[in-house]
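Visitor:
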Amino acid sequence: MKVKKQYIDVEIDKLTNSIEDRITGDVFNTEVVRLQAGDKRQIKKADWSFDWQKELLNANREVYKLVIVDNESMIQGLISFTKMTDHIFMHLIESASFNKGKGKVYLGVPANLVAFVCKISFDMGFDGYMAFDAKTKLIQHYQESLGATYFRGTRMIVETRAAINLINRYFNK
Numbered sequence: 009m010k011v012k013k014q015y016i017d018v019e020i021d022k023l024t025n026s027i028e029d030r031i032t033g034d035v036f037n038t039e040v041v042r043l044q045a046g047d048k049r050q051i052k053k054a055d056w057s058f059d060w061q062k063e064l065l066n067a068n069r070e071v072y073k074l075v076i077v078d079n080e081s082m083i084q085g086l087i088s089f090t091k092m093t094d095h096i097f098m099h100l101i102e103s104a105s106f107n108k109g110k111g112k113v114y115l116g117v118p119a120n121l122v123a124f125v126c127k128i129s130f131d132m133g134f135d136g137y138m139a140f141d142a143k144t145k146l147i148q149h150y151q152e153s154l155g156a157t158y159f160r161g162t163r164m165i166v167e168t169r170a171a172i173n174l175i176n177r178y179f180n181k
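Residue numbers for the sequence shown follow my numbering, beginning at 9 and rising by one.
1) List the whole-angstrom C-beta distance separating Ile83 from Val77, where the pair is believed to meet the contact cut-off of C-beta under 8 Å.
2) Can you tell me where the beta strand (DSSP E) holding Ser57 begins and where it ends?
3) Where does Val75 fall in DSSP's three states?
4) Name the residue from Tyr15, Thr24, Lys13 and His149 whose alpha carbon lies nearest to the alpha carbon of Phe179.
5) Does Ala67 come out as helix, strand or coil in the three-state DSSP assignment?
6) Determine the DSSP secondary structure at Leu115, reduced to helix, strand or coil.
7) Could you give the distance in angstroms between the alpha-carbon of Lys48 and the alpha-carbon of Ser153?
8) Can you tell me whether Glu28 is buried or exposed, with buried defined as 16 or more other CB within 10 angstroms of its CB?
9) Does the distance from the CB of Val113 to the CB of Phe124 come in under 8 Å?
Structure follows, in structure tokens:
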């Protein structure tokens, strides 16, 4: 069975220090928490572009949710990745439907999740390295917003220096 290649297609709207209310500028502390089987009821298919239920069932992947501290029931974004032998590979990343488009509630959700994966990479001894496949039209965007490096094809990597920059922004409070 051939697995369909998935491309990262999320806008890095702003590098914030957490997540930021788009209208007021108020900043809310967040935490990234492992998604558990019991959390399935929080993920309604109509609210997400990807099938996160299926992603959660994939034994090779870890799925995490971004939530505001003291409000774990409201998922701001989701990310799925695999620990490889020398880096982390990001499969999917998505902001909640209310954090997409011109009327989004919060800025900084995708970058917060990417910074988390870079932190996991350091924790695993991979020096912050993570990789993902980007939609072609977003390669330059990820270079500019995340400091990601183009590798080949659609593959991009976040190397140590860029990972440190993201981690320092989101996790050194």
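Ideal placement from N, C-alpha and C gives every residue a C-beta, glycine not left out.
As the structure is a computational prediction, the values presented were derived from the model and not from experiment.
Guide: Answer, in terms of the structure:
1) Actually they are not in contact, since the Cβ atoms of Ile83 and Val77 sit about 14 Å apart, beyond 8 Å.
2) It is not in any beta strand (DSSP E) - Ser57 carries neither H nor E in the DSSP assignment.
3) Reduced to three states, the DSSP call for Val75 is strand.
4) Of Tyr15, Thr24, Lys13 and His149, the residue nearest in Cα terms is Thr24.
5) In the three-state DSSP reduction, Ala67 falls in the coil class, being neither helix nor strand.
6) Reduced to three states, the DSSP call for Leu115 is strand.
7) Cα to Cα, the separation comes out at about 31 Å.
8) Classification for Glu28: buried.
9) The answer is no: Cβ separation not under 8 Å.
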